[in-house]
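In the numbering used here, the protein residues as written are 514 to 1094.
As C-alpha cells, the structure follows; a few thoughts come after it.
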RNA sequence: GAUCCCGUAGCUCAACUGGAUAGAGCAUCUGCCUUCUAAGCAGAGGGUUGCAGGUUCAAGUCCUGCCGGGAUCGCCA
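Dropping the structure here:
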C-alpha cells in the first residue's frame, strides 16, 4: 500500500482528463512528493510547471485549470497553488492512518513491500573475494552493502539472486598454492627461511598447511594442494560471512566457467558480432611502463560501446584475460535469465566500469544492463587512534577482528550510514557507545522503548495483538507529534522504492534514524505534558490508538532494520551486551 | 597525460536521480531538568554547496573549463 503511487495515478488521471493530448512521456515527468517544508501541505506536484510549455500557458494558469479536478479527489481536503506553480495538496488524516492500519495488518515482514520490480530477475554479485586469505573490513563493507541492496530490491518486488563469484583460477591462486606449499614444508620440519617476495606472508596459511598435513602425506601434486587451500579458505570466508548474516544463494566458480568452455562461446559470440580483432594498442600517454613494447593481441572493440580504448582478451601466453573471463561470466548470467546485473566492486575498480558495461551491452546486444556500484574504503579507529592490523592476516584488519570487537549488528548498521562512494570512518569507541550520538544505539533504543510501552500496555489492556490493533479506531490520534509519526511511517513503502531504484541502502539507515528521532521526540514531550503519554488511565480509546501507533513505529523500525540485516532489540540494558544476536 | 570517484556549516554527513527559504548530529552559546519513561530536554547562532561560465520556469544535483584530494591505467582480479 503506497499512497504516493496511488495519488500520483489519480493526479495523472485528472491531468489526462483536463489535457487529453498530453503524451505519456510528459506525464511520466509529473511527480508527487512530500514537500521539504511541511507548511506546504502533505504533497506537492509539479504538474503545472511540467505541462506549461506543451499547453502554451504559464504554470499558474495551468494550475488553475487543474484545481477543480484535484479538489474532487476523495482523499484531498485542500489544494493550493504556490510559488512558481507548485500545487500543494493537503490530505485527509485518514489517508495516512489507513497506511498505519495496513502496516499493523501486514506486519514487519511485509510492510513496505513494493511492486516496481514486477518479479524481474536481478543478479547481485558481491564480496567475490579471492580465496587467498581472510576477509578484511573492506570486504565487510562490500558484503554489507551488496546484501542490503539485494534485500532492498527483493523488497521492492524484484526476484533477486545473491551471487558470490569465486576467482579460483588465474595467477593469484597459483601464488596461493606456492605459499601454502612453503608452509606445508615448514610444518613438516623444513627450514624455509624468509617468505619470498611475491608469496602471501600471512600466518593464517600455517593453519591451512597443518590441516592439509592431517589429510595428505605429500604435496608434490599442485592441484591437490590448490584445491585443498581454496576449499579451506572459502570455508573460512563462508563462516565469516555467515556470522555477518550474509548468505549467498549461489557460488559460481571462475574455474568452472573456464572448464565449461563459456569463454570460447563468449568469444565466438563477440566474433560473430564483428567485435573481436587482432591489433596493437598504443602505450598509455604520460606514464609509459618501462617494459612497454607494442604487441599485436586479440582485442575487443569496447570503444564502440563507450569505453576509452579497446581491451585485450588474451594474455601473451595465450590464456584469456580476467576481463574475457568476466565477460563469459556475465554472459552466462544473462543466459540464465538475468538481464539486470549488479556487481558490487571496490573503488579501486573504478577504471573497470566502462569496459564491463560496454562488454555486457555488446554481448547481450543491449538486452542486459550491468551496474557496478563502487564501495570505498573503511578506515578503522578506536577513539580516533588508528587500530593496529592483525599480525595473523598480514597487512589488513580482518572482518573477524571487527566482528569479535563490535558484533554484526553494529557493523551492518554503521557501514550503511554513509553513501557507498564515500570513505567511511569506523571508530570502535563511537559505534559501541550507548548514547544518542551512536545511530545504531539510538535506533535500537527507540525500538526497545516501543517494546517497553507495549509490555505495559499488555498488562493494562490485555489483547494488543497486531490483528486487534489493526482494527483499533485511530481517530483519537490528532496531535501534531502523532500525525508526524504516522506520516513518516506511511513513507516507508516509498523509501523502499526510491532506495531500490537508486541502489542506495544508506537511505534506509537514514529513514530508520528519522523514525527513531520522531519517536524519541514524542516520548520526550510526554515527560513535560502528561496528556501526551502513551497510556492514559481512564481513556482507553486514546490509549489503544496510541498503542497502535507505538506498535506501528516498532514494526516500521523492525521492517527497515530487516532490510539492513540488523535484528531489532526488545530491550537494552547496560549489563547486557548490546549485541543480542 | 587519460579515465573514474569525491569536494556541502568549525567537524562528520544528508538532501527523495531537476523543485520552493540547502537539512540533521557533534562542537559553540543561552535557558531548563533532582525526573523513574536512566543513558537528558528546549532554543539560538553558524552557508556565495571548491571556483568560473552554460542549459531552463527552476541547479548542490545536468553540460563545459579550471582548482584541490583519492583511485586506476596491456599479460593482477
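Just so it is clear, CB atoms sit at the ideal spot from N, CA and C, and this is done for glycine as well.
Using 8 Å for Cβ pairs, my map puts residue i next to residue j. What's the rounded Cβ distance?
i	j	result
residue 1010	residue 629	6 Å
residue 823	residue 743	Contact doesn't hold; Cβ gap of about 33 Å is too wide.
residue 674	residue 762	5 Å
residue 915	residue 650	5 Å
residue 998	residue 1032	7 Å
residue 1056	residue 1005	Contact flag wrong, Cβ pair sits at about 24 Å.
residue 767	residue 679	6 Å
residue 936	residue 892	7 Å
residue 775	residue 841	4 Å
residue 572	residue 597	6 Å
residue 821	residue 1078	The pair is not a contact, with the Cβ atoms about 37 Å apart (cut-off 8 Å).
From the DSSP output, which residues share a beta bridge with residue i?
i	result
residue 599	595
residue 911	649
residue 891	937
residue 884	855
residue 792	810
residue 825	812
residue 899	894
residue 589	604
residue 636	674, 854
residue 833	827
Quick check: what's the CA-CA separation for residue i versus residue j?
i	j	result
residue 1054	residue 1070	25 Å
residue 677	residue 1007	29 Å
residue 711	residue 883	33 Å
residue 1026	residue 669	21 Å
residue 1037	residue 615	27 Å
residue 911	residue 754	12 Å
residue 591	residue 819	49 Å
residue 986	residue 1060	11 Å
residue 805	residue 831	18 Å
residue 828	residue 697	31 Å
residue 991	residue 1028	18 Å
residue 701	residue 689	18 Å
residue 979	residue 745	46 Å
residue 672	residue 665	11 Å
residue 1087	residue 926	At residue 1087 the pLDDT is 48, less than 50, meaning the model places this residue with poor confidence; the figure from the coordinates comes in the next sentence. The straight-line gap from Cα to Cα measures roughly 20 Å.
residue 605	residue 852	42 Å
residue 951	residue 966	22 Å
residue 1040	residue 1050	16 Å
residue 1047	residue 996	14 Å
residue 1022	residue 626	17 Å
residue 610	residue 868	49 Å
residue 1045	residue 964	18 Å
residue 593	residue 602	7 Å
residue 514	residue 717	51 Å
residue 839	residue 653	22 Å
In chain order, what residues of the same chain lie with their CB nearer than 8 Å to the CB of residue i, ignoring the 5 residues before and after it?
i	result
residue 887	858, 859, 860, 862, 863, 866, 933, 934
residue 1085	947, 954, 957, 958, 961, 1091
residue 847	854, 873, 876, 877, 880, 881
residue 519	none
residue 928	653, 654, 657, 658, 891, 937, 939
residue 1020	1008, 1011, 1012
Identify, in the order they occur along the chain, each residue of the same chain with its Cβ nearer than 7 Å to the Cβ of residue i, setting aside the five sequence neighbours on each side.
i	result
residue 918	941
residue 1094	The predicted model places residue 1094 with a pLDDT of 36, which falls under 50 and marks its position as unreliable; any figure quoted below should be read in that light. Only 921, 922, 1080 meet the Cβ criterion.
residue 579	527, 528, 531, 560, 561, 600
residue 522	none
residue 582	527, 530, 531
residue 982	617, 1060, 1061, 1064
residue 750	642, 644, 648
residue 790	812, 814
residue 705	695, 698, 699
residue 631	670
Is it the case that the CB of residue i approaches a heavy atom of the ligand HEM more closely than 7 Å?
i	result
residue 622	In the structure on display, the ligand HEM does not appear, and there are no ligands present to speak of.
In its own chain, which residues sit with a C-beta less than 6 Å from the C-beta of residue i, not counting the 5 before and 5 after it?
i	result
residue 741	725
residue 1074	1081
residue 540	525
residue 896	942
> Curious, which full-length alpha helix (DSSP H) runs of at least 4 residues does the region 694 to 775 contain?
Replying inline: 717 to 728, 735 to 757, 767 to 772
>> Threshold first: 3 residues or longer. Then list the beta strand (DSSP E) segments lying entirely within the region 524 to 576, N to C.
In response: 556 to 558
>> As an exercise, report each continuous alpha helix (DSSP H) stretch of at least 4 residues that is fully enclosed by the region 1026 to 1085, in chain order.
In response: 1053 to 1077
> Which runs of the alpha helix (DSSP H) spanning at least 4 residues fall entirely within the region 645 to 691, listed in chain order?
Replying inline: 650 to 668
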